[in-house]
Every structure is written in C-alpha cells, then in structure tokens.
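In the working numbering, the protein residues as written are 133 to 705.
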C-alpha cells in the first residue's frame with residue numbers, strides 16, 4: 133500500500149541523516165526512509181507552486197509501507213533504525229523458529245526498564261542535550277576565535293619571514309582537515325565501545341590540545357595543536373546519534389534544533405569576543421578561556437553523562453548475567469542477531485565505507501562537489517575578511533571580529549527561511565505529483581542559492597577593490613553566508629531521502645569532502661589574491677563557481693535515473 137509520508141520540522145530533517153536512530157544498530161532490514169512529523173507551518177504555498185512551475189517534470193513511482201518492529205517495549209517503524217556507519221548485512225528472518233533460542237537472549241524489558249535510554253526521565257535527557265549543546269558551542273567558539281587575529285599570531289610566533297599568507301590560512305583551515313578525519317573513526321569507535329568512552333575521550337583530547345595550542349612556542353606546534361583539536365571534535369557525528377539513542381522520533385525535533393543552534397551561536401560570538409580579548413589580553417588568553425570552558429564542560433560530562441548506546445548497554449547487561457549466574461549462554465539481542473549475519477565488518481571496512489558509497493554513487497559525487505564548494509566559501513571569508521577590513525578599511529582587531537556577525541546574520545536568516553519553506557516546498561511539489569514525493573523535491577532552495585553564489589563571490593572581491601563603503605562590504609559578507617547555507621542545508625535533506633539506510637555513510641562522505649575543500653580552497657584563494665588582487669582573484673573563483681551551478685539542476689532533472697544505477701539509492705524510486 134502507499135506509505136503515508138509525514139513532514140518533519142526542517143532542523144530534524146537537517147540532521148536526521150546522522151541520527152537515523154541508533155537504538156537498534158545491528159538490525160539492517162530497515163526501510164529507506166524514516167517517518168516524519170506533521171509540519172505546523174502554514175503558508176508558502178505560492179512558493180511551492182512557483183518551484184513546481186519551473187518545469188522539471190519527474191517520473192512517479194510508489195513506495196511501500198514497511199512493517200513494524202517491537203523491541204524493548206517500543207514500537208517503531210523499522211525505517212527509523214538506520215545505524216551509524218554500520219555494515220549492510222541484515223539479520224536472518226529464520227532466527228527464532230525455536231522458542232528455546234530466546235531463553236538466554238537479553239533485551240530491554242519495556243517502559244519500566246530504567247536502563248533503556250528511551251525511557252529515561254525527560255529531565256535527565258534534556259540535561260544531556262544541554263551538555264552536548266554547551267560543548268558544541270565551545271568547540272565552535274574555539275574553532276573560529278583565532279580567525280580575526282591569525283595574522284597577529286603568525287607575526288608574533290614567526291616574525292616577518294613567517295608572516296606569509298599560506299601560514300595564516302593554514303592556521304585557520306587545518307582545523308577542517310582534522311575535522312574531516314575525525315568522524316571516520318569516532319563514529320565506528322562509538323559503535324564498538326559505546327558513546328560514553330568515545331565522547332569523554334574526545335572531549336579530554338580536545339581540552340588538552342587547546343591547552344597545548346595556548347602554550348605553543350612556534351607556528352608548527354600551534355598548527356599541529358589546532359589539527360588535534362579538529363580531529364577530536366566528536367560533536368558533528370556523535371551528537372545526533374546520542375539524541376537518536378535517547379529520544380523517540382516524535383520528540384527529536386526540539387533537541388536537534390538546539391544542537392543546530394549551539395555551534396552557530398558559538399561561531400557567531402567567537403570572532404567578536406575573541407577580537408576584544410586578544411586586543412586587550414593577548415591571543416593566548418582566548419585559548420586559555422576556551423580550554424577552561426571545555427574543561428568545565430567535561431567535568432559535567434563525567435558527573436552527569438552516561439552510556440546511551442543500546443548495543444553497549446545490553447552487552448554489559450549480558451556480561452553481568454553471565455558473571456552472576458555462571459551461565460555463558462546469555463547474549464544480548466544484538467549479539468544473537470549477529471550470529472545470522474554475514475561476517476561483521478572490520479574497523480577498516482567501516483572506515484572505508486563512506487568512500488565506497490561515494491565512489492559508487494554519481495549523484496552523491498555531484499552534490500558533494502557542489503556542497504563542498506559552497507561550504508568552503510565560509511573559510512575563504514574567514515581567511516580574507518580580516519585582511520580586507522584591516523588593510524583597506526583600517527579596522528581594529530576587535531571591530532574585525534564583530535564584523536563576522538554579518539556573515540552569521542546571513543546564515544541565521546537562511547536557516548529561518550529553510551525551516552519555514554523547505555518542507556512546504558517539498559509538500560507542494562509532492563501534492564502536484566499525486567501525493568508521491570521524491571528526494572529531488574528537496575533541491576529548489578539549493579538551486580536558488582547556487583544561482584546567486586557566483587554573483588556574490590564576484591561582488592565580495594570587487595567591493596573592496598573599488599573601495600566602496602564598509603556597509604556594502606559587510607552586505608556582501610552577509611550574502612555570502614546566506615548563499616553558503618542555501619547551498620548546503622537542503623543537500624542534507626536530499627541525502628536522507630535518497631540514501632535511506634545508507635544516509636549516515638553518505639553524509640560522512642559529504643562531510644569529509646566539505647572539510648577537504650575547506651582546507652584547499654582558502655589556500656588557493658590566498659595565492660590568487662597575491663598574484664591577481666582581490667577583484668581578479670574572486671572573478672576567477674566566480675567563473676569556477678558558475679560551472680558548478682548547473683549540478684543541482686541536473687540532479688533535479690536526471691536524479692531519478694542516476695539513482696537507479698547505484699545499489700545505495702536504487703531502492704529510492
């Protein structure tokens with residue numbers, strides 16, 4: 133029968149590709165898409181109809197309603213239990229034909245089971261969300277706090293000889309390189325050893341590397357410490373997974389919205405506050421404050437946070453029963469299901485899984501390139517705006533830091549727009565197609581952002597070259613933030629819809645591509661500026677950007693055909 137598709141609040145759609153409900157991580161018979169909440173937003177029907185009239189017709193097909201699975205006293209659709217970077221294999225349907233096989237199977241016992249994270253008190257779960265948000269905000273603050281004073285730091289540590297554009301850019305972008313590598317092993321390690329150990333280990337590493345950076349005597353030491361800080365940033369992968377561990381699908385929206393807002397808040401406040409602190413107390417004080425905040429958060433983690441991953445909780449319960457009863461037959465439900473699986477993927481296989489998904493999906497390759505280039509312009513702005521404002525407009529470090537709020541303002545405006553319209557556009561296009569939705573219906577806003585991005589990129593370089601007033605320059609900065617968000621966020625919703633069971637691996641590939649591009653593009657931009665000046669350098673970048681503008685349009689038009697060529701998206705008609 134046709135499956136009823138419900139619409140979720142956009143912040144939940146944005147991160148659902150990461151969380152994909154890890155409460156049943158070893159069951160991979162899941163359906164491609166999760167159930168969605170009914171959207172409360174009204175209006176925007178005209179916007180939906182306008183995008184539909186663009187003229188990109190699409191072939192329709194039906195999806196089927198998936199069965200329900202009742203585990204641990206919780207009834208959920210199996211499509212909502214996609215594991216985080218887990219293998220493909222599915223448990224055999226023949227297991228359990230003999231009732232005696234269940235005699236020593238350890239599972240949650242229903243709503244009264246106090247070890248089941250889904251049924252923990254709401255006060256505790258929201259305390260955990262607050263801790264995750266607080267640390268995530270601290271990480272974002274630390275990541276961007278050195279941006280306004282990067283030139284000053286390079287000059288202080290290395291003198292004029294070391295004050296090259298490449299060193300300044302590398303100091304900022306090396307964080308992204310570490311952040312690209314970290315999710316590849318933090319996610320599978322959290323599945324092997326549980327969330328608690330990995331989160332706390334990563335948090336301690338982050339605090340220690342920030343302290344190391346604050347005492348760095350040289351540029352290489354500082355850059356290495358910044359790399360370790362980015363490497364140990366677990367928030368981008370584990371925060372959504374932890375929310376998925378604790379909250380049923382119908383309660384995740386608010387929690388995920390907080391986790392989206394937290395790093396944005398830290399990223400917006402970071403440059404403004406850091407510029408003032410650095411100007412009055414020195415740049416090392418910025419890192420000392422960041423390390424103190426991270427250390428205080430970790431103390432609260434050690435006191436209040438506990439294991440949320442159901443697989444680990446049940447494995448420990450089975451181990452206790454084996455020890456207490458001296459009966460070695462006790463196994464968790466996940467271990468029992470695993471006996472009927474194909475050989476469980478090794479850690480190396482799990483690490484390579486996002487690469488495999490990326491290599492075998494042309495749609496993912498195309499959209500990853502578009503999203504990576506769009507996102508990388510944030511780091512282009514982060515590495516070029518301080519020099520523009522100080523050299524051309526003569527602003528002080530504290531004022532330069534405050535100027536980054538214009539970029540954040542553009543981002544926030546587009547997040548509000550996406551929250552209000554993304555699902556409405558999807559609903560309108562779906563209704564025009566006899567109630568049958570497609571992943572491509574998530575792309576209109578990305579197409580809109582991509583259309584304006586080349587113009588904004590060129591304007592960002594042309595305005596300071598023409599020495600137009602400062603408000604005009606800041607307006608282009610805000611427009612850059614808006615286009616960056618429009619070019620990235622809808623793609624996440626597309627990946628969730630298109631990749632279903634494999635959305636976590638697909639999103640990890642997207643994140644890695646994004647981080648690598650954010651490391652490379654600012655370095656190239658700095659070299660172009662030194663050779664050609666701002667206007668010509670950003671003119672070249674605008675031409676390159678214009679070449680990728682058609683990519684989401686092509687996916688909109690031909691995506692259904694392309695997706696059928698990949699085993700990872702073939703099930704999504």
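Even glycine gets a Cβ: it sits at the ideal position worked out from N, Cα and C. Please read these numbers as outputs of a predicted model, since none were measured by experiment.
For residue 463, the three-state secondary structure derived from DSSP is strand. Look at residue 681 here: in three-state DSSP terms it is coil, with no helix or strand label.
Between residue 283 and residue 516, the alpha-carbon positions lie close to 11 Å from each other.
Rounded to whole angstroms, the gap between the alpha carbons of residue 485 and residue 700 is 12 Å. Beyond the five residues adjoining it in sequence on each side, residue 263 comes within less than 8 Å, by CB distance, of 429, 432, 433, 436 and 437 in the same chain, given in chain order. Partner residues in the beta bridge of residue 238, as assigned by DSSP, are 464. For residue 552, the enclosing alpha helix (DSSP H) covers residues 537 to 564. Straight through space, the alpha carbons of residue 458 and residue 387 are spaced by roughly 42 Å. Taking a contact to require three or more Cβ pairs closer than 8 Å, the stretch 408 to 421 and the stretch 303 to 320 do not qualify as touching. Taking a cut-off of 8 Å on C-beta distances, the stretch 302 to 313 touches the stretch 641 to 648, as three or more cross pairs fall below it. Residue 378 places its beta carbon 8 Å or farther from that of residue 557.
Contact check for residue 304 against residue 279 passes: the beta carbons are separated by less than 8 Å. With a minimum length of 3 residues, there is no unbroken run of beta strand (DSSP E) contained wholly in the stretch 311 to 347. In the structure shown, the three-state DSSP call for residue 260 is helix. Here the stretch 528 to 544 makes no contact with the stretch 674 to 686; the two share fewer than three CB pairs at distances below 8 Å. Residue 638 and residue 527 have their C-alpha atoms roughly 42 Å apart. According to the DSSP assignment, residue 594 belongs to the alpha helix (DSSP H) that extends over 576 to 597. The three-state secondary structure of residue 631, taken from DSSP, is helix. In this structure, residue 255 sits away from residue 394, with a CB-CB distance that is not shorter than 8 Å.
For the pair residue 281 and residue 410, the CB atoms are nearer than the 8 Å cut-off. The Cβ atoms of residue 460 and residue 454 lie closer than 8 Å to each other. Residue 462 and residue 245 have their C-alpha atoms some 18 Å from each other.
Under the three-state reduction of DSSP, residue 378 is assigned to helix. Burial check for residue 642: the Cβ neighbour count within 10 Å reaches 16 or more, so the residue is buried.
Going by DSSP, residue 494 is part of the alpha helix (DSSP H) stretching over 494 to 519. For residue 694, the secondary structure class from DSSP, reduced to helix, strand or coil, is helix.
The continuous stretches of alpha helix (DSSP H) do not include residue 570, and DSSP gives it neither H nor E. Residue state for residue 701 is assigned as coil, using DSSP reduced to three classes. In this structure the stretch 342 to 358 does not lie against the stretch 402 to 409, because fewer than three pairs of beta carbons, one per stretch, are closer than 8 Å.
With a cutoff of 8 Å on beta-carbon distance, residue 622 and residue 550 are scored as near each other.
Between the alpha carbons of residue 698 and residue 494 lies a distance of about 8 Å.
Looking at the backbone, the Cα of residue 253 and that of residue 445 are separated by about 17 Å.
The way I'd put it, the stretch 686 to 693 doesn't touch the stretch 606 to 617; fewer than three beta-carbon pairs between them come closer than 8 Å. Taken through DSSP and simplified to helix, strand or coil, residue 659 comes out as helix. Per DSSP, the continuous alpha helix (DSSP H) segment holding residue 287 begins and ends at 282 to 290.
For residue 427, the enclosing alpha helix (DSSP H) stretches over residues 415 to 436.
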